[in-house]
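What follows is a set of notes on a single structure, which appears directly below.
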Amino acid sequence: MKNISCDVLVVGAGAAGLCAGSVTSKHGLDTIIIDREDQPGGILKQCIHNGFGLRYFKEELTGPEYACRVAKLAADAGAKIMTGTTAVEAKKNADGSFTFKVFSQKEKVCYISSKAVLFTTGCRERTRGNIITPGTRPAGVFTAGAAQKLLNISGYLPGKCAVIVGSGDIGLIMARRLKWCGIDVKAVVEIMRHPSGLTRNIVQCLDDFGIPLYLGHSVTNIYGKERVEAVDITPLADGKPDFSKTFKVDCDTLLFSVGLVPEVELAKQLEVKINPATGGAFVDDDYETTTPMVFASGNGLHVHDLVDFVSEESERAAGSICRRLSGAKNSDKVPVTVEKTLKYVVPTQATRGEKQSFYFRPLIVANKATLEARADGKIIKKRLIPFVRPAEMLEFELEIPAECKEMEFALTGGELL
Amino acid sequence: MVYDTVIVGAGVTGAATAWQLGRYNIKCAVLDKAADCGFGVSKANSGIIHGGFHHSVTSLKAKLEVEGNLMIDSMQHALHFPYVRTGILVAAFSEEEMQTVEKLYHRGLGNGLKGLELCSKERTLELEPKLQDNVVGSFYAPNGGTIEPYRYVFALMENAQLNGVEFKRNTKVVSGRFADGIWHLECEDGSVVKSRYVVNAAGLFADELSKACGAEEFTIRPRKGEEYLLDRTSDARPSKVIFPVPTKTSKGVLVIPTPGGTTMIGPTADMVDDKEDAATTGEHFDKILAMTQNMVKGVSRRDVITAFAGLRPAIEGDDFYIAPSEKVPNFIQAAGIQSPGLTASPAIGVYIKDLLKKCGLELVEKSDIIYENPGHPEVRNLSDEQVQALCEKDESYSRIVCRCEQITEAEIIDAVRCGHTTVDGVKFHTRAGMGRCQGGFCSAKILEIISRESGIPMQELTKRGANSRIMAGKLGTLEVKL
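Which chain is which? The protein sequence lines are A and B, in order. Positions 10 to 426 (this note's numbering) are the ones given, in order, by the first sequence. Positions 3 to 484 (this note's numbering) are the ones given, in order, by the second sequence.
What follows is the structure in structure tokens.
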């Protein structure tokens with residue numbers, strides 16, 4: 010069995026892993042980025058639409074273009090990218106290093122040991138099973154991402170007439186994509202009273218194509234023994250389906266775009282603690298998890314709206330790894346929490362006297378709300394935010410006061426969901 | 003061509019019969035209307051090897067259950083299917099329930115079972131710490147276990163085929179007539195299959211086949227059971243199968259540690275009219291969740307990865323109906339094989355073989371019986387050295403396709419070469435697509451491998467045969483109307 014050693018092992022060669030790997034490599038750290046797929050780039054490879062990179066590259070790119078750019082950054086910096094490589098086990102060694110067992114096309118079964126680990130594992134899609142949609146189990150039921158891969162990578166049509174469950178961004182992008190392939194899209198059905206996807210995607214992918222969006226509705230039955238034949242759509246009243254108003258829509262395809270779940274199963278093997286609010290790891294402002302020298306960033310940490318944010322966050326995580334491997338000690342931190350108007354904050358620990366970027370997901374809808382930062386209960390900074398939706402991530406830069414004991418963030422004004 | 007015996011139905015009953023008949027010098031075929039074996043009743047059930055204490059041994063059902071249970075271990079050794087003798091705990095949560103538990107214990111003793119324990123609260127929690135602390139006591143049957151039912155059927159059919167039994171998929175028998183000592187079975191595609199003897203193992207449709215062959219008239223009424231599968235990371239996974247105290251009509255809702263590493267909760271029991279109604283319902287999930295949460299710690303809605311429903315082929319009366327037809331010659335009825343049919347199946351196979359012999363079928367054992375199936379390597383269960391050795395010969399053993407269940411490309415190729423060319427067939431043979439992402443990441447790759455290995459064009463691949471096509475054609479073949 011081959012044993013490979015390196016300074017930094019990055020798990021996942023999507024935008025997060027590639028951007029982080031380019032930073033650690035440039036810094037002179039021996040970096041290996043592993044990925045299960047045959048090509049680097051992660052999910053970007055199947056996102057053939059544009060709109061990527063406006064912030065990070067200052068130009069508009071498609072997903073595959075963005076993937077190529079960041080893969081080149083990593084390769085040029087000297088990172089070793091091992092594709093076709095799946096990590097199956099992770100363990101912590103007595104000397105503080107880590108060893109991963111991997112299956113690799115090139116090395117077969119082998120072990121990779123490193124001084125630091127960065128998890129950039131991305132997400133998986135929630136499925137029909139996760140949200141317990143009743144009905145038959147025919148062919149024609151896909152997650153939106155699986156259908157996207159089938160269409161954009163393999164070149165096959167998932168059906169001829171679709172209903173989309175959930176208004177997540179992938180579902181919205183797929184609604185437009187299906188239309189462009191000649192597939193009828195009968196409806197997008199969202200259980201919440203507000204879309205879960207970005208507003209620009211509602212406009213560009215649904216409104217522009219006349220695709221109806223049913224907010225506050227749920228798919229309550231699936232018909233068809235062999236292939237999907239129809240679905241029942243039911244409006245919700247006080248959070249419960251009102252079956253007296255159920256209507257049936259014929260379709261042969263059902264796509265689920267009902268949320269993303271960070272992939273943390275491998276991190277859990279290293280005793281990384283998971284934040285129930287994000288589904289990803291708890292991290293401090295170094296992006297270090299509760300297990301020392303194990304870091305996390307990107308969608309595997311919390312779900313981002315834009316890949317540009319993923320790249321920026323991962324560069325910061327990589328910067329921390331460089332400092333820590335150069336001997337910097339983990340400093341004393343302040344706990345960071347949120348009020349009930351916010352779903353979560355990342356990071357949940359921050360260093361006093363340093364400028365930090367915080368990311369939030371709102372739980373309120375408002376056309377104007379104030380984001381407040383409170384140090385030991387006192388407001389130290391606030392910002393008026395003109396457009397607040399759960400679908401839109403918030404970012405806030407702040408220097409934590411030197412004497413502070415705890416930090417809290419809240420949104421005031423607006424309607425609590 | 004006239005077969006000596008044709009078995010209609012490749013579920014667990016038909017497959018176990020074929021496995022037995024393969025050992026004799028006769029020409030035998032199994033016909034099934036579905037795209038693969040085990041695709042009816044057998045694929046969707048709790049996968050329990052029962053302990054033999056639910057029914058009195060005076061019934062044929064209990065006799066075959068006890069016998070079948072004793073055969074499973076040696077069969078696993080030869081046929082290689084996923085099965086674990088976990089033991090069964092019937093847990094009581096009140097003194098009243100404890101009285102029923104005691105009855106089960108005594109019935110088990112009466113049925114000749116070994117190693118049974120009537121357990122105090124303390125002993126119960128020692129045996130299964132996952133049980134809720136308000137458990138009063140239990141009955142422990144170490145002889146019960148869990149099995150992957152589809153893999154078990156595949157293994158039986160594989161062995162039957164190794165011994166020369168023919169398997170005709172997508173072959174639906176619509177009628178049969180007996181003339182000049184030979185059964186003529188007419189199939190939906192117009193073909194006629196001829197055989198001296200017929201075994202009716204048509205599961206939910208055994209009543210229709212019987213009628214269409216002029217044999218006894220009876221009614222199979224489907225009784226639906228819903229099951230929910232929890233991720234392998236669920237805290238609820240017990241070490242033993244947990245049964246509640248049974249009611250008159252049902253063995254109740256169980257918590258099952260599947261051999262594959264997931265945890266299953268279910269089933270319900272509802273009479274339905276449609277023999278193809280395998281839809282799940284929202285209300286039942288809430289019921290199953292509450293019932294299992296009351297028994298076992300850590301059962302959570304968050305861990306549900308999928309749901310399914312199966313239909314039990316229920317028949318009038320309490321027993322299996324396994325007997326030669328009294329109306330037509332050389333026709334063996336094997337109907338109403340519901341729970342514990344899976345457990346009883348090895349003994350059912352032997353029993354039907356003996357019935358055929360009694361009806362005059364000459365059975366001479368072959369000299370070259372193949373008792374063992376070749377193994378199907380499962381990389382996730384092998385040591386590093388074993389995997390390395392496989393990879394030296396075939397590098398596709400190093401390519402993990404299904405990441406959640408760690409299934410390699412080689413295992414998928416193996417399944418296709420065994421004749422499983424539908425997505426469900428490959429899934430049941432390998433577990434690829436059974437994990438927490440439910441095929442979200444790997445389905446496109448799996449389709450490509452099936453297509454490449456089977457020669458079936460991508461757009462014609464199906465989930466489970468017939469009109470269950472996965473795709474509607476190639477990109478660019480639809481007219482775009484914007």
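Ideal Cβ placement from N, Cα and C applies to all residues, glycine included. Keep in mind the model is a prediction, meaning the values are calculated, not measured.
### Message
Looking at chain A, is there any beta carbon in it that lies within less than 7 Å of the beta carbon of B/K226?
### Response
no
### Task
Taking only the alpha-carbon atoms, compute the straight-line gap between A/V198 and A/Q213 and give it to the nearest angstrom.
17 Å
### Query
For A/N59, which residues does DSSP report across the bridge?
A/T71
### Message
For chain A, check one thing: does any of its Cβ atoms lie closer than 7 Å to the Cβ of B/A36?
### Response
no
### Query
Checking contacts by CB at 7 Å: is A/Y75 closer than that to chain B?
no
### Query
If you measure beta-carbon to beta-carbon, which residues of the segment 128-156 of chain A are closer than 7 Å to chain B?
R133, E134, T136, G138, N139, I141, P143, G144, T145, R146, P147, A148, T152, G154, A155
### Message
Along the chain, where does the alpha helix (DSSP H) containing A/S329 start, and where does it finish?
### Response
316-334
### Task
Assign A/V343 to one of two classes, buried (16 or more other C-beta atoms within 10 Å of its C-beta) or exposed (fewer than that).
buried
### Message
Let me check understanding here. Comparing Cα to Cα, which of B/L291, B/G457, B/I324 lies closest to B/E229?
### Response
B/L291
#### Entry: Environment of B/Q163 [buried if 16+ CB atoms lie within 10 Å]
buried
#### Entry: Selection from B/F156, B/T423, B/I448 that minimises the alpha carbon distance to B/P84
B/F156
### Query
Looking at A/A419 and A/T346, is the spacing between their C-beta atoms short of 7 Å?
no
### Separation of B/K35 from B/L23, as counted between CA atoms
21 Å
### Query
Using a beta-carbon distance below 7 Å, is B/S48 in contact with chain A?
no
### Query
A/Y9 versus chain B: which residues are under 9 Å apart at the beta carbon?
What is shown of chain A runs 10 to 426, which leaves residue 9 of chain A out entirely.
### Query
What did DSSP end up calling B/E99 once you bin it into helix, strand or coil?
helix
### Task
Would you kindly report the start and end of the unbroken beta strand (DSSP E) that includes B/Y230?
222-232
### Query
Using the beta-carbon of each residue, which ones in chain B are nearer than 9 Å to A/R186?
What A/R186 touches in chain B: nothing, since even the nearest Cβ is about 10 Å away.
### Query
Shortest alpha-carbon distance to A/M402 belongs to which of A/R370, A/G423, A/R332?
A/R370
### C-beta neighbour in chain A for B/R405, strict 7 Å
yes
### Task
Pick helix, strand or coil for B/G266, following the three-state DSSP scheme.
The amino acid at residue 266 of chain B is misidentified as Gly; the sequence shows Met. DSSP places B/M266 in strand when its eight states are reduced to three.
### Query
Are B/A311 and B/A280 close, meaning C-beta to C-beta below 7 Å?
yes
### Query
Along chain B, which residues have their Cβ under 8 Å away from the Cβ of A/K390?
The contacting residues do not exist; A/K390 stays about 36 Å from chain B at best.
### Sequence-distant residues of its chain with Cβ nearer than 7 Å to A/R202 (five each side left out)
L224, G225
### Query
Who are B/V200's beta bridge partners in DSSP?
B/V8, B/F333
### Message
At 3 residues or longer, what runs of the beta strand (DSSP E) sit wholly inside the segment 393-435 of chain B?
### Response
402-404
### Residues of its chain near A/A375, where Cβ-Cβ distance is below 7 Å and the 5 sequence neighbours each way are ignored
V397, G422, G423, E424
### Message
When you compare the CB of A/M183 with every CB in chain B, is at least one pair closer than 7 Å?
### Response
no
### Task
Check the Cβ of B/Q408 against every Cβ in chain A and list those closer than 7 Å, keeping chain order.
V97
### Task
Indicate whether at least one CB of chain A lies closer than 7 Å to the CB of B/C420.
no
### Message
With a threshold of 7 Å between beta-carbons, can A/R398 be considered close to chain B, or not?
### Response
no
### Query
Any C-beta of chain A sitting closer than 7 Å to the C-beta of B/F287?
yes
### Query
What's the call for B/F322, buried or exposed, on a 16-neighbour Cβ count within 10 Å?
buried
### Query
So, are the CB atoms of B/T479 and B/R471 less than 7 Å apart?
no
### Query
Excluding sequence positions up to five away, which residues of its chain have a Cβ less than 7 Å from the Cβ of A/T145?
I231, Y232, G233, K234
### Query
Taking the alpha-carbon positions, what's the B/R438 to A/P147 distance?
19 Å
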